[in-house]
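Working notes, beginning with the structure itself.
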Amino acid sequence: MAFPYKKMDEADFDYIRQATSPDRVKVGKEIASEYYHDEMPEYGSFPPELYVEVENKEEISQIMAYCNEKNIPVVVRGAGTGLAGGSSCKYGGIMLSIMRMNHIYPVDHKNQTITAQAGALLLDVQAAAQAEGLFYPPDPGEKTSTIGGNVITNAGGMKAVRYGLTRDFVRCVEAVLPDGSIENFSSNVVKNTTGYDIKDLVIGSEGTLCTVTEVTLKLLPAPKCTCTLVMPFKSLEECADMVPKVLELPFIPTAIEFLERELIDIVERNLKKPFPVKDGEAVLIVMYDASDRRELDGAVEAAAEAALANGAIDCCIANTPERAGSVWGVRGGILEGMKADSVSQEECDVVVPRSCIARYVKEAKGIARSLGLRVEPCGHCGDGNIHTELLRDPGMTDEEWESATGECLRQLYQLSKELGGQLSGEHGIGNGRLEYLKEFVGPRMIRLYQSVKLAFDENLILNPGKIVEFNE
Ligand SMILES: Cc1cc2nc3c(=O)[nH]c(=O)nc-3n(C[C@H](O)[C@H](O)[C@H](O)COP(=O)(O)OP(=O)(O)OC[C@H]3O[C@@H](n4cnc5c(N)ncnc54)[C@H](O)[C@@H]3O)c2cc1C
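Every letter in the sequence shown is one number past the one before it in numbering that gives the first Met the number 0, and letter 367, counting from 1, is 366.
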């Protein structure tokens, strides 16, 4: 079994240099500290023993087979934009960067699909589809994340309300298993009941089961027009109550997001991004896509009427790209704004049934405030995925912050469970939410997770200590 892992020595370094190329390998202090953690250093900072940039699946296969034999842990790294402490070398070993594997193949028009290597950036995949009049809908906030990272974390994003998650667009995954074998999970087909659905099992597995090298993704015809509405309300509760009303209309919204005024002020103040609507303590942002103008106008009119009939102070239509850009610019700047406005942050990414959004938001704020924490619930309320951001103010000691956030998270996850929700809607477990997962899903489910992990990775060398742990 894995523990303790082998400490890498010169012979191991030389083997990786020879399997790849010396100029793509760094060791020890040569490795930049940004690779010690992902976007959440709060979830641990772990120096890799060796960092390597691979160029093809054969190199990965050779590295994995060697590490499997020598008992060296490997962590695959995309763009490092994860928010769960996933792409960090908790037990040392190798950080394997996939960023050089970024080729995007020509769009396959007959199958309406696109194939890309795992290190291609989401924005480049979206642009390649768009250049051919097609549309790759999954839209997580960070467009410089990799497509492989999106698949392996089952990234969600704002447009999940209408189009679904990354999972809903994956036709085929090519991957290297921890023993070095190269496999394809499914192929470019619409249906597949050939054995267990391993493709869907590895999607969202956060780099703990295999290394994704290439993905084939479904595309849609591009929508012809789009419109964003901003509905200001007197309170966040009223704003959250509006969500089911929008969903009851006979038009499917593309995105429904909410922001409190306090959070808008944080982004405006720190990033100098002005928000075009000044009224209201909270705003609901609703976006529609349509294939023609008439359909779009019908949706916009119905949503505006419903908003005004349900307590909205106003309903502003951001019908030019500039106005829509300023609305979405503030929404997209939340994380950066909060980082600039606080000493550190803790993030709770629960998802609750859409019927419970208003109750969750109200009770979550009560919980955080009773523990003396600044709290900013925001985000993807159209799918019930409420990002409950906890912010640390300068006056708090490390001890006060850790004990208050720990207790707050326990209560928020308990609340989500009571409401029929889940612990994470899209950011995953990684290293950051591990201690809460056991209590949330219970011991039987943990044993099931462990069995799945062992079926792929019997020596526990791939991203160990994430999602599942085995007692060392
Ligand atoms: C500003 C901001 C906004 C965000 N908005 C959203 C959002 O709306 N929705 C959402 O879901 N996420 C969001 N995220 C989180 C993040 O962008 C996604 O999780 C993204 O999918 C991570 O991709 P990455 O390439 O950065 O992966 P990394 O951070 O490098 O890795 C994430 C995990 O995947 C594994 N991994 C990466 N590539 C591979 C591979 N090829 N094979 C095997 N394992 C791999 C890593 O080991 C790690 O466990 C946001 C992040 C930021 C900073």
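In this text, a Cβ means the ideal position worked out from N, Cα and C, and glycines have one as well. Being a predicted model, the structure only gives us computed values, none of them experimental.
Shortest alpha-carbon distance to arginine 330 belongs to which of Asp296, Phe257, Ser290, Pro46?
With distances taken between Cα atoms, arginine 330 lies closest to Phe257.
At a threshold of 7 Å, does glycine 79 count as lining ligand 3 (C-beta to nearest heavy atom)?
Inclusion of ligand 3 in the displayed structure is not the case, the ligand content consisting of ligand 1 alone.
Whole-Å CB distance - glutamate 173 paired with threonine 112, under 8 Å assumed
About 14 Å separates the beta carbons of glutamate 173 and threonine 112, which is beyond the 8 Å limit, so they are not a contact pair.
Would a C-beta distance cut-off of 8 Å place glutamate 54 and arginine 99 closer than the cut-off?
Yes, the Cβ-Cβ distance between glutamate 54 and arginine 99 is below 8 Å.
Lysine 190 burial status per 10 Å Cβ neighbour count (16 or more: buried):
It counts as exposed.
Starting from the N-terminal side, write out each stretch of the beta strand (DSSP E) that is 3 residues or longer and does not extend beyond the stretch 17-49.
Entirely contained in the stretch 17-49, the beta strand (DSSP E) runs reaching 3 residues are, in chain order, 24-26.
Glutamine 116, DSSP secondary structure in three states
If DSSP states are grouped into helix, strand and coil, glutamine 116 belongs with the strands.
Taking the alpha-carbon positions, what's the histidine 108 to leucine 133 distance?
Cα to Cα, histidine 108 sits roughly 9 Å from leucine 133.
Distance between glycine 431 and lysine 217 (C-alpha atoms, nearest Å)
One C-alpha to the other measures close to 31 Å.
Whether leucine 422 touches leucine 433 by CB criterion (8 Å)
Leucine 433 sits away from leucine 422, with the two beta carbons spaced by 8 Å or more.
Excluding the 5 residues flanking isoleucine 265 on each side, which residues of the same chain have their C-beta closer than 7 Å to its C-beta?
Cβ-Cβ distances below 7 Å link isoleucine 265 to Gly336, Met337, Asp340 in the same chain, with the five nearest sequence neighbours on each side left out; the list follows chain order.
Residues in its own chain within less than 6 Å of glycine 79 by CB, not counting five upstream and five downstream?
The residues are Asp37, Ser86.
How would you write the range of the beta strand (DSSP E) that lysine 217 sits in, first residue to last?
Per DSSP, lysine 217 belongs to the beta strand (DSSP E) from 210-217.
With distances taken between CB atoms, is the gap from aspartate 138 to lysine 223 smaller than 8 Å?
The Cβ atoms of aspartate 138 and lysine 223 lie no closer than 8 Å to each other.
In this structure, does DSSP put leucine 133 in helix, strand or coil?
Strand.
Using three-state DSSP, classify cysteine 139 as helix, strand or coil.
Correcting the residue identity first, residue 139 is proline in this sequence and not cysteine. In this structure, DSSP gives proline 139 a state outside helix and strand, which the three-state scheme calls coil.
Between the CA atoms of leucine 208 and aspartate 456 - distance to the nearest angstrom:
Cα to Cα, the separation comes out at about 6 Å.
Hey, quick one: how far does the beta strand (DSSP E) through leucine 283 stretch, first residue to last?
Its beta strand (DSSP E) spans residues 281-289.
What does DSSP give as the partner residue(s) for histidine 426 in the beta ladder?
For histidine 426, which the question treats as bridged, DSSP gives no partner whatsoever.
According to DSSP, what are the bridge partners of aspartate 296?
Answer by DSSP bridge pairing: none, since aspartate 296 is not bridged.
List the residues that DSSP assigns as beta-bridge partners of cysteine 171.
In DSSP, cysteine 171 forms a bridge with Thr215.
Indicate, with yes or no, if ligand 1 has a heavy atom lying under 7 Å from the CB of asparagine 462.
Answer for asparagine 462: yes, Cβ within range of ligand 1.
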